[in-house]
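Encoded as structure tokens, the structure appears first; notes follow it.
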Amino acid sequence: MAETYIISIGDLPSRKIRKRVKSFLQDADVAVVADDGQKFGVVLEKNQLVITPDEL
Numbered sequence: 005m006a007e008t009y010i011i012s013i014g015d016l017p018s019r020k021i022r023k024r025v026k027s028f029l030q031d032a033d034v035a036v037v038a039d040d041g042q043k044f045g046v047v048l049e050k051n052q053l054v055i056t057p058d059e060l
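Put into structure tokens, the structure is as follows:
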């Protein structure tokens, strides 16, 4: 089952971390690999981190 996770940037604990995340995700392809090997794409949309499963 494909699920999309949305995390508000404001939920991150500090301004420094929020700035780092925004600059890291800016104009880059970012992926997260779960412990079970599933891959997720991460994008920044409207001040939110949107995490969606990569489809093969």
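Each residue of the sequence shown is one higher than the last, beginning at 5 in my numbering. We put the beta carbon where it would ideally sit given N, CA and C, even for glycine. Quick caveat: nothing in here was measured; it's all calculated off a predicted structure.
Asked	Found
Note down, in chain order, each residue of its chain lying with its Cβ closer than 8 Å to the Cβ of Ile55, except the 5 sequence neighbours on either side.	Thr8, Tyr9, Ile10, Ile11, Val36, Phe44, Gly45, Val46
Checking the sheet assignment: what are the DSSP bridge partners for Pro57?	Phe44
What would DSSP say about Ser27, mapped onto helix, strand or coil?	helix
Going by beta carbon distance, what residues of the same chain come within less than 8 Å of Lys50, once the five residues before and after it are set aside?	none
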